[in-house]
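The next block holds one structure in the form of structure tokens; read it before the comments.
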Amino acid sequence: MELAFFVEWIIKAVLMLAFLIVGFAYTTYLERKTLARMQVRYGPNRAGPFGLLQPVADGVKLIFKEELIPKKADKLIFILAPVLTVIPALVMLAVVPFGGTINLFGREISLSIAGDLNIGILYITAIASISVYGIVLAGWASNNKYAMMGGIRSTAQMISYELALALAFIGPILLASTMSVNGIVSAQGRIGWFIIFQPIGFIIFFLATMAEINRSPFDMPEAEQELTAGYHVEYSGMKFALFMMTEYIKMIVISVLCATLFLGGYLGPFVDQVPWLGPVYLGIKTLLLMFIIIWIRATMPRIRYDRLMDFGWKILLPLAIFNVFLTGVIIILFPNFFS
Amino acid sequence: MFVKGIATGMYTTFRHLFRKPVTTQYPEQKRTVRRRFKGRHSLHRYENGLEKCIGCSLCAAACPADAIFVESAENTDEQRYSPGERYASTYEINMLRCIFCGYCEDACPTEAIILGDNYELSFTDRREALYTKEMLLLPVHESAQITPQKVEPGVFNRSVPVMQDPDD
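Sequence lines, in order, name chains A and B.
Read left to right, the first sequence gives residues 112 to 450 (the numbering used here).
Read left to right, the second sequence gives residues 127 to 294 (the numbering used here).
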């Protein structure tokens, strides 16, 4: 293993972490501004020009807050739980290609961190499932019955929608006949964007990931703070910031994933000649999807918990199974098209 | 099944994205107050400079929050503060007790105390909330004299002038 390989690997990882964390900060800003404009008001516009320093102000506030650990809380797990929740969100993007290969400093560098992992999708589903642990442990470690109930509800919601999510992943896998994310993107280059072939799959994926990240209108576990409690009620300061970080980073991650699986990823006009356009196209698609997520939050009221579970089990899961069935039938009927 | 409703809702929020926000950016843009707005109190004077307040403390009696404190003293012709026999030698309003209801303004027989338009009242110490007569009294016109005035005897005997109904 040469040194250049390690350096390349470390630089890519650091860049991605930096992108995700700055992205988290300014996603909160984007969300507040967009929600405000949809509600016919200004968003934050006092901290810095156009309120651009608002995330900095929020970060400083959270750093200076008192870190309170309840007396009978399980201290080790209490401190570990937010960490367990945020790390899967940060590493999920390791298999996603941001572009083709570029030539820098005499090396061919492919713009994806873990290279071409041939089980990329399996990696993504596996990592997504780990963050469920963080939430249930946060609820448990708080030594608070409301936090416990909130944590259990959130966990139940997340594992229910994971089924529909995994089945929604199967559509692109079948169409591209490979589990590697690079392979899926290049298949979209050959065949066309998968959203054309999988409209139901796209909608299932979108809704299931929104429920996975506890995002409105599926944010009952989060909103319970207003009603009784949520799983992060006993958290303050930086630990709470880590939970918020999880939610917004996952929002970015699922937008990137949705763009990669259904909207062609880094593909677009002239991306072969100018490889730097790859991340730009992916960025545009990601921003569009994030805007749609924020738009949905601005429009829809929260779904009641039992209806949320009904929706996941009785509507999304059968629809996802039907989607897999339909995709399989079409692939068998037109084998040459999808080779 | 709910798709049409969701789509209509999302279209509505999207349209709102392009409307001008209705927020007034407060310190830079201030909204004009309504006509009968009840703000900071002020003690008015007549054209000739004499104070309207005759120290009858009807305002203190009317105040539901017990915010006004009035002490009166005798007017003499050498040192005349207001027409009539009495004037308010001590007049204090505790702004922390005041509820800005306007009953003192309704109770005053001479239209001396009026609630104006100023709502930006802040203090850093609780003692600064006691507004004294000097803070409340309006300054005098250039054409008139400052109180206490020295006047001829017998001119200003009547405390409460003939007045019309207020229009504001």
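Glycine included, every Cβ here is placed at the ideal spot set by N, Cα and C.
Checklist entry - Beta-carbon of proline 147 of chain B versus every beta-carbon of chain A: anything under 8 Å? => result Proximity of proline 147 of chain B to chain A, defined by a Cβ-Cβ separation below 8 Å, is satisfied.
Item to check | Local conformation of tyrosine 257 of chain A per DSSP, three classes | outcome: If DSSP states are grouped into helix, strand and coil, tyrosine 257 of chain A belongs with the helices.
Checklist entry - CA-CA distance, leucine 398 of chain A and isoleucine 270 of chain A? => result Each residue's Cα considered, the two are about 27 Å apart.
Item to check | Three-state class that DSSP yields for alanine 270 of chain B in the structure shown | outcome: Coil.
Checklist entry - Taking C-alpha atoms, which residue in A/Leu201, A/Thr289 and A/Trp424 lies nearest to alanine 129 of chain A? => result Out of A/Leu201, A/Thr289 and A/Trp424, the CA that lies nearest to the CA of alanine 129 of chain A is found in A/Leu201.
Checklist entry - Can you tell which of B/Thr134, B/Arg171, B/Cys179 and B/Gly165 has its C-alpha closest to the C-alpha of alanine 270 of chain B? => result For alanine 270 of chain B, the nearest C-alpha among the options comes from B/Arg171.
Next on the checklist: Classify phenylalanine 189 of chain A: buried if its beta carbon has 16 or more other beta carbons within 10 angstroms, exposed otherwise.
Outcome noted: It counts as buried.
Item to check | Any chain A beta carbon closer than 8 Å to threonine 150 of chain B | outcome: Proximity of threonine 150 of chain B to chain A, defined by a Cβ-Cβ separation below 8 Å, is not satisfied.
Checklist entry - By the criterion of Cβ-Cβ separation under 7 Å, what are the contact partners of threonine 139 of chain B in chain A? => result By Cβ distance, chain A contributes Met149, Trp406, Ala409 and Thr410.
Next on the checklist: Please report whether the beta-carbon of leucine 143 of chain B lies at a distance below 8 Å from any beta-carbon of chain A.
Outcome noted: Contact with chain A is found for leucine 143 of chain B, since one of that chain's Cβ atoms lies less than 8 Å from the residue's Cβ.
Checklist entry - Between B/Ser183, B/Phe140, B/Tyr217 and B/Val277, which lies nearest to proline 149 of chain A when the distance is taken from Cα to Cα? => result Proline is not the amino acid found at residue 149 of chain A; the sequence shown has methionine there. Its Cα nearest to that of methionine 149 of chain A, the residue B/Phe140 stands out among B/Ser183, B/Phe140, B/Tyr217 and B/Val277.
Checklist entry - The beta strand (DSSP E) with alanine 193 of chain B in it runs from where to where? => result No beta strand (DSSP E) contains alanine 193 of chain B, which DSSP labels as neither H nor E.
Checklist entry - Is tyrosine 416 of chain A close to chain B, meaning its C-beta is less than 8 Å from at least one C-beta of that chain? => result Interface annotation, tyrosine 416 of chain A: not in contact with chain B, CB-CB separation never under 8 Å.
Item to check | alpha helix (DSSP H) segment containing glutamate 119 of chain A, residue limits | outcome: Start and end: 114-149.
Checklist entry - Quick one: what does DSSP say alanine 199 of chain B is sitting in, helix, strand or coil? => result Strand, per DSSP.
Item to check | Reduced DSSP category for glutamine 275 of chain B - H, G, I as helix; E, B as strand; rest coil | outcome: If DSSP states are grouped into helix, strand and coil, glutamine 275 of chain B belongs with the strands.
Checklist entry - What alpha helix (DSSP H) runs, 4 residues minimum, are completely inside the segment 161-242 of chain B? => result Counting only runs of 4 or more, we get 184-188 and 229-233.
Checklist entry - tyrosine 257 of chain B bridges to which residues according to DSSP? => result BP columns for tyrosine 257 of chain B point to B/Ile219.
Next on the checklist: Quick check on the DSSP output: what are the complete alpha helix (DSSP H) runs of length 4 or more inside the segment 307-346 of chain A, in order along the chain?
Outcome noted: For the segment 307-346 of chain A, the continuous alpha helix (DSSP H) assignments of 4+ residues that do not extend past its boundaries occur at 310-323 and 331-338, in sequence order.
Checklist entry - In chain A, what lies closer than 9 Å to isoleucine 132 of chain B by C-beta? => result Close partners of isoleucine 132 of chain B in chain A (Cβ separation under 9 Å): Ile407, Thr410 and Met411.
Next on the checklist: For the alpha helix (DSSP H) containing asparagine 293 of chain A, name the first residue and the last one.
Outcome noted: From DSSP, the alpha helix (DSSP H) with asparagine 293 of chain A extends over 292-302.
Checklist entry - Who are the Cβ neighbours of arginine 415 of chain A in its own chain at under 8 Å, not counting the five residues just before and after it? => result Cβ neighbours of arginine 415 of chain A beyond the five flanking positions: Met331.
Next on the checklist: Which residues in chain A have a C-beta closer than 9 Å to the C-beta of methionine 221 of chain B? List them in chain order.
Outcome noted: What methionine 221 of chain B touches in chain A, judged by beta-carbon distance under 9 Å, is nothing: the nearest beta carbon there is about 28 Å away.
Next on the checklist: I'd like to confirm the pairing. Which residues does DSSP put opposite threonine 236 of chain A in its beta bridges?
Outcome noted: Assignment of beta-bridge partners to threonine 236 of chain A by DSSP yields no partner.
Checklist entry - When the Cβ atoms of the segment 384-393 of chain A are set against those of the segment 203-210 of chain A, are three or more pairs found closer than 8 Å? => result Counting Cβ pairs under 8 Å, three or more are found: they touch.
Item to check | Among A/Pro166, A/Ala168 and A/Ile426, the one whose alpha carbon lies nearest that of leucine 318 of chain A | outcome: Comparing Cα positions, the closest option is A/Ile426.
Next on the checklist: By alpha-carbon positions, which one of B/Glu246, B/Val196 and B/Ala199 ends up nearest to tyrosine 152 of chain B?
Outcome noted: Answer by Cα proximity: B/Glu246.
Checklist entry - Under 8 Å between C-beta atoms, does glycine 181 of chain B make it to chain A? => result By this cut-off, glycine 181 of chain B is not an interface position.
Item to check | Residue from A/Ile403, A/Leu353, A/His343 and A/Gln384 with nearest C-alpha to isoleucine 365 of chain A | outcome: With distances taken between Cα atoms, isoleucine 365 of chain A lies closest to A/Ile403.
Next on the checklist: Tell me the rounded alpha-carbon separation between proline 181 of chain A and glycine 261 of chain A.
Outcome noted: Cα to Cα, proline 181 of chain A sits roughly 17 Å from glycine 261 of chain A.
Item to check | Complete runs of the beta strand (DSSP E) confined to the segment 401-442 of chain A [at least 3 residues] | outcome: Counting only runs of 3 or more residues that sit fully inside the segment 401-442 of chain A, no beta strand (DSSP E) segment turns up.
Checklist entry - So is tryptophan 451 of chain A buried or exposed if we call it buried at 16+ other beta carbons inside 10 Å? => result Here chain A covers residues 112 to 450 and nothing more, so residue 451 of chain A does not appear.
Checklist entry - By the criterion of Cβ-Cβ separation under 8 Å, what are the contact partners of arginine 510 of chain A in chain B? => result Residue 510 of chain A lies beyond the range of chain A shown here (112 to 450); nothing can be said about it.
Next on the checklist: Relative to the C-alpha of methionine 221 of chain B, which candidate in B/His167, B/Ile239, B/Asn201 and B/Asp232 has its C-alpha closest?
Outcome noted: Restricting attention to B/His167, B/Ile239, B/Asn201 and B/Asp232, the CA atom closest to the CA of methionine 221 of chain B is found in B/His167.
Item to check | Reference threonine 196 of chain A; option with closest CA among A/Phe351, A/Leu372, A/Ile232 and A/Gly303 | outcome: With respect to the C-alpha of threonine 196 of chain A, the residue from A/Phe351, A/Leu372, A/Ile232 and A/Gly303 having the closest C-alpha is A/Phe351.
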